[in-house]
Structure formats: C-alpha cells, structure tokens
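Colleague:
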Amino acid sequence: KEFTIDYAVCIFCGNCEEACPEEAIFMSDDYEIPMLNREDMKYNLEQLSVPIEQLKDRVEFTRKMYGKWNY
5 KEFTIDYAVC IFCGNCEEAC PEEAIFMSDD YEIPMLNRED MKYNLEQLSV PIEQLKDRVE
65 FTRKMYGKWN Y
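Those letters in the sequence shown? Residues 5 to 75, per my numbering, in order.
1) Just confirm the distance between the C-beta atoms of Thr39 and Met45, as a whole number of angstroms; I'd bet it's less than 8 Å.
2) Are the beta-carbon atoms of Glu36 and Ile29 separated by less than 7 Å?
3) Going straight from the alpha carbon of Pro25 to that of Ile56, what length do you get?
4) CB Leu49 to CB Phe7, shorter than 7 Å?
5) Count the other CB atoms, across all protein chains shown, that sit within 10 Å of the CB of Lys68; report buried if there are 16 or more and exposed otherwise.
6) The beta strand (DSSP E) with Asn48 in it runs from where to where?
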C-alpha cells in the first residue's frame, strides 16, 4: 500500500493527524519546505518517517492535550 503526502496542496490544518487510525501522524512546526519542482513536494512513507525518539516531546504534548492514547 502506498502512502504519500503532497505538500503542494497541504494547508497544515492537522486533519490527517487527527484522522489517522493508527495515530502515526504528528504535525511539527517545520513549515519551510522550499522546492523548485512540484513533484519534489510529494513525500512517501520513507521520507516522512522519523524515529520515535525525535518525536518524544510532541507525543507527550499530544497525549496531554487530547488524552486519546491509553498506553
């Protein structure tokens, strides 16, 4: 199954983060994505993957704010 996010049309609203059934999408404050070619703005799963250690603060914040994770 292929997964891509096209930043050429993304408005950084967070709906994908909220709707993800696996709770695997986390938004960040990194909005600067300069590209010369629109095709370069399509990111696949490998390009979007980040080790969980780098997301630790974001995961904790999201759990506190929304309380929907019960681990």
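From the three backbone atoms N, C-alpha and C, an ideal C-beta is built for every residue, glycine too. Since we're looking at a predicted model, the values are computed, not measured.
Modeller: Taking the structure as given:
1) The amino acid occupying residue 39 in the given sequence is Met; Thr does not appear at that position. Met39 to Met45, Cβ: 5 Å. Contact.
2) It is not a contact, given that the beta carbons lie outside the stated cut-off.
3) Straight-line spacing of the CA atoms in Pro25 and Ile56 works out to 18 Å.
4) Yes. Within cutoff.
5) Lys68 is exposed by the Cβ-count criterion.
6) Counted as a single uninterrupted DSSP element, the beta strand (DSSP E) harbouring Asn48 occupies residues 46–48.
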